[in-house]
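I have placed the structure first, in the form of structure tokens, so that the comments after it can refer back to it.
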Amino acid sequence: MRTPVTLAQVAARASVSLSTASKALNGRDGVSPRTRQRVRQAADELGFAPSTIARSLATGRTNTVGLITHDLVGRFSIPLLMGVENAFGVNEVSVMLCDARGDVIRERYHLSSMLERRVDGLVVV
Numbered sequence: 781m782r783t784p785v786t787l788a789q790v791a792a793r794a795s796v797s798l799s800t801a802s803k804a805l806n807g808r809d810g811v812s813p814r815t816r817q818r819v820r821q822a823a824d825e826l827g828f829a830p831s832t833i834a835r836s837l838a839t840g841r842t843n844t845v846g847l848i849t850h851d852l853v854g855r856f857s858i859p860l861l862m863g864v865e866n867a868f869g870v871n872e873v874s875v876m877l878c879d880a881r882g883d884v885i886r887e888r889y890h891l892s893s894m895l896e897r898r899v900d901g902l903v904v905v
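Under my numbering, the very last position in the sequence shown is 905; numbers go up by exactly one each time.
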């Protein structure tokens, strides 16, 4: 498996600073169209994919919502899951679904696990 390409490598390839590369790839102001294109081309050539973990550390958001249910069959939780995903928009928020199976200890474990993962929101059904 290849080591992931870093933003620093993209910046070096495009001959720009790290902050300029970040601004260019995130569509922020302060970058000329020519520079933005050069950075995007460098990112494409290198196969750069943004790190979800790095973005989470920088923004303080995980773009993840936890959903804990006791509904074994899914008659209620699956439509709820779909509704939560629809409410946040496509490719905006991931929903982590956990089934507590009516067990308080399991529910506490899932809750603790989600809090450790710093979910941005939590739905308990």
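From the three backbone atoms N, C-alpha and C, an ideal C-beta is built for every residue, glycine too.
Contacts around residue i, its chain only, beta-carbon distance under 7 Å, and the 5 residues preceding and following it disregarded
i	result
Gly882	His850
Leu826	Val785, Gln789, Val790, Arg793
Arg898	Thr842
Asp900	Arg841, Thr842, Asn843, Thr844, Val845
Val811	Thr800, Lys803, Ala804
Ser836	Thr842
One or two residues paired with residue i in a DSSP bridge
i	result
Met876	Gly846
Val903	Leu847
Beta-carbon contacts of residue i that lie in its chain and below 8 Å, excluding the five residues immediately before and after
i	result
Val905	Leu847, Ile848, Thr849, His850, Asp851, Phe856, Ser857, Leu860
Arg820	Ala804, Leu805
Asp809	Lys803
Contact under 9 Å by Cβ, residue i with residue j
i	j	result
Leu805	Ala823	yes
Ala880	Glu887	yes
Thr832	Val875	no
Val864	Val903	yes
Leu798	Phe828	no
Where residue i falls, given that 16 or more other Cβ within 10 Å makes a residue buried
i	result
Arg818	buried
Met894	buried
Ala801	buried
Arg816	buried
Val884	exposed
Val796	buried
6 Å CB neighbourhood of residue i in its chain, flanking five on each side removed
i	result
Cys878	Ile848, His890
Subject >> Continuous beta strand (DSSP E) assignments of at least 3 residues falling wholly in the region 835-865 >> reply: The qualifying runs are 844-849.
Original post:
At which residue ranges does the region 784-816 contain complete beta strand (DSSP E) runs of 3 or more residues, listed in the order of the chain?
Top reply: none
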